[in-house]
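A.B. asks: Protein sequence lines, in the order shown, are assigned to chains A and B.
The opening position of the first sequence corresponds to residue 1 in this note's numbering, with each subsequent residue numbered one higher.
The opening position of the second sequence corresponds to residue 1 in this note's numbering, with each subsequent residue numbered one higher.
From the three backbone atoms N, C-alpha and C, an ideal C-beta is built for every residue, glycine too.
First, the structure itself, so that you have it in front of you.
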Amino acid sequence: MALDEQHAAARRDSATEETEDRAERARGGGLWPFWTASYAAGDPLPDLSCKVSRPEHNFDEGDELPPDYRALLMKMLRHEGERAGNKSFLGLMGTCIEIAETMAPDAGARLIKSEYLAEELKHAIMFHRIAVGLDPDFALRDVPYAHYAFHLPKETWADDALFHFLIDLNGAFHARDWRESSYVPLRKISRTVERDELGHSEMGYYFLSALCAERRGRALVQALLAKWYSAALDMFGRSDSPNTPRFIEWGLKSVGNSEIRSAYKEYVDRKLTALGLDLPDERQGRRFL
Amino acid sequence: MNSILDEIHDAYAAVGITVEGVATYGTYYRLRCARCGAALGCVGDKLLPAMARELVDGEFELYAAGVAGCACGLQKARAREIDPARAAAALARFA
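Following this line, the structure appears as structure tokens:
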């Protein structure tokens, strides 16, 4: 082969390697998105379909909404929080960037966290569209997360991993509940949000698995678990919440707080046990039973 | 400053951690080592009343063992000062 041809071939090989390397890095070292492996093995989340008889409602963007329905829908979206116009959500994402910068064990973990951030910002756009369709003023309203779970201190990489495994999973369960939502725009995005949030939870679980692979790391995770476990169970609200029957009646939720919490706990307990962790007492540290 | 934020400042001050002004918009604050200024994490200001002290106390073993806190050792030293026996037990647990 002539020298020019050899150089050209070498450049082609090098370009191919660079492209492959870039593609692998761009998808979190081949792990991202984490949800693909989970859904490939079947539906990873439990059935949360409505088991009680209720009227059928269907409202789309631009429809006139009954005042009670609108109030409950807005309440739900305020809790959801992932909106481009919600400065407090962007603030939370800012803390995620800082934790990745200062605590991630290596560049690979930082890259995975960058995929997570990108996907949460995608959700921020999706929920922004829903907010604009409902109330343009709401779209730019700052609504700090009211639940304490979003405000717990994160002082170690294990805190961050537990946050993602448990708190993002809460989002996946709620998104699963929206599959039957009477509000069409929410129903349309439910499957994407569910699968993404499940993937974020699996990302946290991946980091937890690495930590638990050695004794000191497992002791750290075990020491922090009670703090996050109780907060995660509290996130489903009080079992006797007076609003729940109204949410279900209007088709904005399909199951009650107690039922969804119970399904969540069963899922989480199975995965924590697989890591060799002892499960905390489910009533310990709880604020909202 | 709201009362929850006061509680957070007080709870962290005891172990040598400074709660820096707002880290990101509104509700999240950066934790820094009170001696060397290293970033040690973050906390939000929507904790429930009395929760901050409980949380910091819950991390005592981690500070004492050097699993959480600054590499400069300030929080580890503070934990030893606060409760030497508990700190020694934590060191053994995480050895």
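When you compare the segment 11–23 of chain B with the segment 180–194 of chain A, are there three or more beta-carbon pairs, one atom per stretch, that lie closer than 8 Å?
C.D. replies: Cβ pair count under 8 Å is below three, so no.
A.B. asks: Measuring straight from C-alpha to C-alpha, what distance separates G69(B) and V221(A)?
C.D. replies: Taking the straight line joining both Cα atoms gives about 15 Å.
A.B. asks: Anything in the segment 53–70 of chain B with a Cβ closer than 7 Å to a Cβ of chain A? List those residues in chain order, please.
C.D. replies: Within the segment 53–70 of chain B, the residues whose Cβ lies closer than 7 Å to some Cβ of chain A are L55, G58, E59, E61, L62, V67, A68, listed in chain order.
A.B. asks: Please confirm whether E180(A) and S254(A) have their CB atoms less than 8 Å apart.
C.D. replies: Yes.
A.B. asks: Can you tell me which of the three DSSP states K51(A) falls into?
C.D. replies: The answer is coil: DSSP assigns K51(A) none of H, G, I, E or B.
A.B. asks: Compare the C-alpha of L225(A) against each of F236(A), N243(A), I248(A), L152(A) and name the closest.
C.D. replies: With distances taken between Cα atoms, L225(A) lies closest to L152(A).
A.B. asks: Residues of chain A with CB closer than 8 Å to the CB of R80(B), please, in chain order.
C.D. replies: In chain order: nothing, as chain A lies at least about 18 Å away.
A.B. asks: Are the beta-carbon atoms of G204(A) and F165(A) separated by less than 8 Å?
C.D. replies: It is a contact, given that the beta carbons lie within the stated cut-off.
A.B. asks: Between A109(A) and chain B, is there a C-beta pair that is closer than 8 Å?
C.D. replies: Judged by the 8 Å Cβ criterion, A109(A) is not in contact with chain B.
A.B. asks: May I have a chain-ordered list of the alpha helix (DSSP H) segments no shorter than 4 residues that lie completely inside the segment 1–88 of chain B?
C.D. replies: Counting whole runs of 4 or more residues, the segment 1–88 of chain B contains the alpha helix (DSSP H) stretches 3–13, 51–58, 60–65, 74–82.
A.B. asks: Going by C-alpha distance, which of R83(A), D47(A), D159(A) is nearest A219(A)?
C.D. replies: It is D159(A).
A.B. asks: Which residues, taken in chain order from the segment 34–45 of chain B, show a beta carbon closer than 8 Å to some beta carbon of chain A?
C.D. replies: Within the segment 34–45 of chain B, the qualifying residues are A39, L40, G41, C42, V43, G44, D45.
A.B. asks: How about G251(A) and H57(A): are their beta carbons less than 8 Å apart?
C.D. replies: Yes, the pair counts as a contact, with Cβ atoms nearer than the cut-off.
A.B. asks: So, are the CB atoms of I17(B) and L5(B) less than 8 Å apart?
C.D. replies: No; because the gap between Cβ atoms is not below 8 Å, this pair is not in contact.
A.B. asks: So is N2(B) buried or exposed if we call it buried at 16+ other beta carbons inside 10 Å?
C.D. replies: Counting Cβ neighbours within 10 Å, N2(B) comes out exposed, since fewer than 16 surround it.
A.B. asks: So which residues on chain A does R93(B) lean against when the C-beta distance must stay under 7 Å?
C.D. replies: The answer, in chain order, is A219.
A.B. asks: With DSSP collapsed to three states, give me the class of Y183(A).
C.D. replies: Three-state result, Y183(A): strand.
A.B. asks: Quick one: what's K154(A) bridged to in DSSP?
C.D. replies: Per DSSP, C42(B).
A.B. asks: Round the Cβ separation of I99(A) and K51(A) to the nearest angstrom and send it over; I've been treating them as touching at under 8 Å.
C.D. replies: Not really, about 40 Å apart at Cβ, beyond 8 Å.
A.B. asks: Smallest Cα separation from E119(A): which of V132(A), A139(A), R83(A)?
C.D. replies: Ranking V132(A), A139(A), R83(A) by Cα distance to E119(A) puts R83(A) first.
A.B. asks: Taking the beta carbon of D99(B) as the centre, do at least 16 other beta carbons fall within 10 Å, making it buried, or is it exposed?
C.D. replies: Residue 99(B) cannot be examined here, being either before or after the span of chain B that is shown, 1 to 95.
A.B. asks: So G26(B) contacts chain A; which residues on that side make the cut at Cβ distance below 9 Å?
C.D. replies: The answer, in chain order, is K87, S88, G91, D142, P144.
A.B. asks: Report the rounded CA-to-CA distance for R176(A) versus A104(A), giving the unit in angstroms.
C.D. replies: Roughly 30 Å separates the two Cα atoms.
A.B. asks: Tell me which residues share the same chain as D269(A) and place their Cβ nearer than 7 Å to its Cβ, disregarding the 5 neighbours each side in the sequence.
C.D. replies: Here the set comprises L279.
A.B. asks: What does L31(B) reach in chain A if we use C-beta pairs closer than 8 Å?
C.D. replies: In chain order: P153, E155.
A.B. asks: Just checking, does the segment 228–236 of chain A make contact with the segment 60–76 of chain B on the three C-beta pairs under 8 Å criterion?
C.D. replies: Touching, no, given that fewer than three Cβ pairs across the two stretches are closer than 8 Å.
A.B. asks: Can you give me the Cβ contacts of K271(A) inside the same chain, cut-off strictly under 7 Å, excluding the 5 residues immediately before and after it?
C.D. replies: Contacts found: Y205.
A.B. asks: Report buried or exposed for T95(A), applying the criterion of at least 16 other Cβ atoms within 10 angstroms of its Cβ.
C.D. replies: Classification for T95(A): buried.
A.B. asks: Identify every run of the alpha helix (DSSP H) within the segment 82–165 of chain A, keeping only runs that are complete inside it and at least 4 residues long; order them along the chain.
C.D. replies: The qualifying runs are 87–103, 107–134, 136–139, 157–162.
A.B. asks: Taking a contact to mean a Cβ-Cβ separation below 8 Å, would you say I112(A) touches G237(A) in this structure?
C.D. replies: No, the Cβ-Cβ distance between I112(A) and G237(A) is not below 8 Å.
A.B. asks: Can you give the beta carbon distance from I8(B) to V43(B), rounded, assuming they're within the 8 Å contact cut?
C.D. replies: Right, the Cβ-Cβ distance comes to about 6 Å (below 8 Å), so this counts as a contact.
A.B. asks: Under 7 Å Cβ-Cβ, which residues of chain B neighbour R216(A)?
C.D. replies: Correct list: F94.
A.B. asks: Say whether chain A places a C-beta atom closer than 8 Å to the C-beta of L5(B).
C.D. replies: No, L5(B) does not count as interfacial toward chain A.
A.B. asks: What does a CB cutoff of less than 8 Å around M74(A) pick up in its chain, not counting 5 residues either side in sequence?
C.D. replies: Here the set comprises L134, D135, F138.
A.B. asks: Can you tell me which of the three DSSP states F247(A) falls into?
C.D. replies: Helix, per DSSP.
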